[in-house]
Each structure stands twice: as structure tokens, then as C-alpha cells.
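In the numbering used here, the protein residues as written are -1 to 270.
Where a beta carbon is used, it is the ideal one built from N, C-alpha and C, also for glycine.
Model, not experiment: these values are computed from the prediction.
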């Protein structure tokens, strides 16, 4: 199991060969093809051939980390400005309650802007229409409707999630064991393991001729590489925007901490 799906950083030497191999086709891919006139129904049917849950829950793990970072930054600043002293910190019941009160609307924002996938159809359509022909989309839809095709769709989405997470791990943005993210990390690990089991199939030639044919085909290579490079880029660009919005939102929610700061002050020993 890749390390970032199991609460620690992925070693550079494991990620680098994959990335270097993909870079060899970047120029070809981004040259693209003429914008294809593919119906919305077909484009979205291709998106629905995949389950992007692993990408979503990795984003939720990252977002929970950044929600807590943003909330704690606000609370620590309030502590300094109001002279709340060294007892105003994580582990203090009032501090923790203030953090939880701020986190609720921030996590709701993440749910709306990220987890819902309401944002996904437009960038997905851009990727597909700029990279594939209608005949290729038809062939993919036909293949992914078969039992072996469904498993190969899982393998491709698994590769996207692997590279999505690798970007955040290698950049240092993913903080392993960040306090308060245990539940999200546990879910991420479980979803990864479930998908890893579900996508496995026999590679024996007599059991898997269609699977081998697709894996070795130009379309199979093109589709996987397109998604790993272009679609991963769209996913991470969206997640970056969602994460970047959290500190601003947290600053606007600092009033949520006021009742708990008052309670903390009321319980503090009188000075002098």
C-alpha cells in the first residue's frame, strides 16, 4: 500500500520512476486533438464509469488537516491578542470546543466545494473533448460496460488517486499523523484497501483476453495517461483552490470562538 494512504510519506524513489515515465508523453498529450463534438451524455457516462471515491476521501483528509490548521491559527492569534496565556491551547476544553465550532461550517464548505463533485463535470468534459475522439469514447464505454472493463476502470482511477496523493506528499503539504485527522486517515486507508481488493482479476490469457487487449492497446495507454496527467491536474487544481479558501473562511468565523473565550476567561483565576 502506498505510504500516504497509510499515514506516512511515500518514498521519493518509489514515486519518481512513475512520474518520469509519464513525463515522456506530456508534450504529446497536451498537444491534444481537435475539440471533439462528443455529446454531454457520452462524456458524463464515461465519467460515471469510474468511482472517484478514493480521490474524494484523500481530498477530505487533506481538507480536514487544513481546516484544523486554519482554525488553530485563528485561535492562537486570538490567544495572543487577548492575553489568554499558556493554558489557551489544544487540550483545553474551551479551546477544543471553539475549534470544533469553527470546524463545522468549514467542513460544510469542503463538502459543498469538493466532496459533492458538483464541480467535476465541466473540467472532465474539457479533458475528454480535448483528448479523445467520439469513436474512442464509444469504445471505452463499451469496454467499461464489461466485467473486466469495470475492473480496468478501477485500476485507472486508482492510478489517478495514487498520483493525486503523490503530489501532496512530495510537496510536503500532506502532514502525516496531523492531530485531529485520525478518522479521515482511517477512512482513506479503508477505501484504498477496498478498491485495491475489488480491482484485482486473473491475468491468465484464457481468462482475460479482452483485458490484455485493452491494456496493450493504444487507446488503453492513451486513456490512462490522459487521466493520470490531465485529470489528476484538474483534480489537484480544484483541491488547491478549496484548501486555499479555508484560512480566509476561518478568519470570518472567529466569532464562533467568542462564547468559549468568555467561558475560559470566566474560569481563569483573577490576576493580581
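Report task. Check whether the Cβ atoms of residue 156 and residue 212 lie closer than 7 Å to each other. Result -> Locating residue 156 in the chain shown gives position 158, where the first residue counts as 1. Locating residue 212 in the chain shown gives position 214, where the first residue counts as 1. Taking C-beta atoms as the reference points, residue 156 and residue 212 fail to come closer than 7 Å.
Query - Spatial neighbours of residue 153 in its chain, beta-carbon cut-off 6 Å, leaving aside the 5 residues before and after - result: Sequence index remark: in the chain shown, residue 153 carries index 155 (1-based). Cβ within range, chain order: 197.
Requested in this report: To the nearest angstrom, report how far apart residue 76 and residue 243 are at their CA atoms.
Outcome: Here residue 76 is taken as the residue at index 78 of the chain shown, counted from 1. Here residue 243 is taken as the residue at index 245 of the chain shown, counted from 1. Roughly 20 Å separates the two Cα atoms.
Query - Integer-rounded CB distance, given that residue 248 should sit under 8 Å from residue 99 - result: In the chain shown, counting from the first residue as 1, residue 99 sits at position 101. In the chain shown, counting from the first residue as 1, residue 248 sits at position 250. Incorrect: roughly 11 Å between the Cβ atoms, too far for contact.
Query raised in the report: What's the C-alpha gap between residue 86 and residue 78?
Result: Residue mapping note: residue 86 aligns to position 88 of the chain shown, counting from 1. Residue mapping note: residue 78 aligns to position 80 of the chain shown, counting from 1. Straight-line Cα distance between these residues: approximately 9 Å.
**Report entry** Residue interval of the alpha helix (DSSP H) (run including residue 197)
**Finding:** Sequence index remark: in the chain shown, residue 197 carries index 199 (1-based). Careful: residue 197 lies outside any alpha helix (DSSP H) and carries neither H nor E.
Query - Any alpha helix (DSSP H) of 4 or more consecutive residues that is wholly inside the region 98 to 175 - result: Counting only runs of 4 or more, we get 119 to 129, 132 to 142, 145 to 168.
Query raised in the report: Are at least three pairs of beta-carbons, each pair with one atom in the region 215 to 222 and one in the region 53 to 71, less than 8 Å apart?
Result: No: fewer than three Cβ pairs fall under 8 Å.
**Report entry** Same chain only: Cβ atoms within 7 Å of residue 49, ignoring 5 sequence neighbours per side
**Finding:** Taking the chain shown and counting its residues from 1, the one referred to as residue 49 is at position 51. Shown here for residue 49: same chain residues with a beta carbon closer than 7 Å to its own, the five before and five after excluded, namely 155 in chain order.
**Report entry** Alpha carbon of residue 68 to alpha carbon of residue 251, nearest angstrom
**Finding:** One-based indexing of the chain shown puts residue 68 at position 70. One-based indexing of the chain shown puts residue 251 at position 253. Between residue 68 and residue 251, the C-alpha separation is close to 10 Å.
Requested in this report: Kindly indicate the opening and closing residues of the alpha helix (DSSP H) around residue 35.
Outcome: The residue given as residue 35 occupies position 37 in the chain shown. Where residue 35 is concerned, there is no enclosing alpha helix (DSSP H), given that its DSSP letter is neither H nor E.
**Report entry** Cβ pair residue 162, residue 233 closer than 7 Å
**Finding:** On the chain shown, residue 162 is found 164 positions in, with the first residue counted as 1. On the chain shown, residue 233 is found 235 positions in, with the first residue counted as 1. Yes, Cβ-Cβ distance for residue 162 and residue 233 is below 7 Å.
Query raised in the report: Taking contact to mean at least 3 C-beta pairs separated by less than 8 Å, is the region 132 to 146 in contact with the region 96 to 114?
Result: Counting Cβ pairs under 8 Å, fewer than three are found: no touch.
Requested in this report: Quick one: residues in its chain with C-beta nearer than 7 Å to the C-beta of residue 73, no 5 flanking neighbours on either side, listed in chain order?
Outcome: The sequence position of residue 73 within the chain shown is 75, counting from 1. Contacts found: 93, 96, 97, 255.
Query raised in the report: Which term fits residue 237, buried or exposed, when burial requires 16 or more other beta carbons within 10 angstroms of its beta carbon?
Result: Start at 1 with the first residue of the chain shown, and residue 237 comes out as number 239. By the neighbour-count criterion, in which 16 or more other beta carbons inside 10 Å mark a residue as buried, residue 237 falls on the buried side.
Query raised in the report: What three-state label does DSSP hand residue 63 in the structure shown?
Result: Position 65 of the chain shown, counted from the start, is the residue given in the question as residue 63. Looking at residue 63 - three-state DSSP - the assignment turns out to be helix.
Query - Nearest-angstrom Cβ-Cβ length linking residue 55 and residue 165, presumed shorter than 8 Å - result: One-based indexing of the chain shown puts residue 55 at position 57. One-based indexing of the chain shown puts residue 165 at position 167. With 8 Å as the limit, residue 55 and residue 165 do not qualify as a contact, their Cβ atoms being about 16 Å apart.
Report task. Go ahead and pull the three-state DSSP assignment for residue 276. Result -> In the structure displayed, the chain extends from -1 to 270; residue 276 sits before or after that span and is not available.
Query raised in the report: Going by beta carbon distance, what residues of the same chain come within less than 7 Å of residue 226, once the five residues before and after it are set aside?
Result: For the purposes of this step, residue 226 is taken as the residue at position 228 of the chain shown. Taking residue 226 as the centre and dropping the five residues before and after it, the same chain places the C-beta of 20, 157, 158, 161 closer than 7 Å to its C-beta, in chain order.
Query raised in the report: What is the rounded straight-line gap between the Cα of residue 194 and the Cα of residue 52?
Result: Against the chain shown, residue 194 aligns to sequence position 196. Against the chain shown, residue 52 aligns to sequence position 54. Residue 194 and residue 52: Cα-Cα distance of roughly 10 Å.
Query raised in the report: Count the other CB atoms within 10 Å of the CB of residue 101; is the residue buried (16 or more) or exposed (fewer)?
Result: Stepping through the chain shown from its first residue, residue 101 is reached at position 103. Around the Cβ of residue 101, a 10 Å sphere holds 16 or more other Cβ atoms; the residue is buried.
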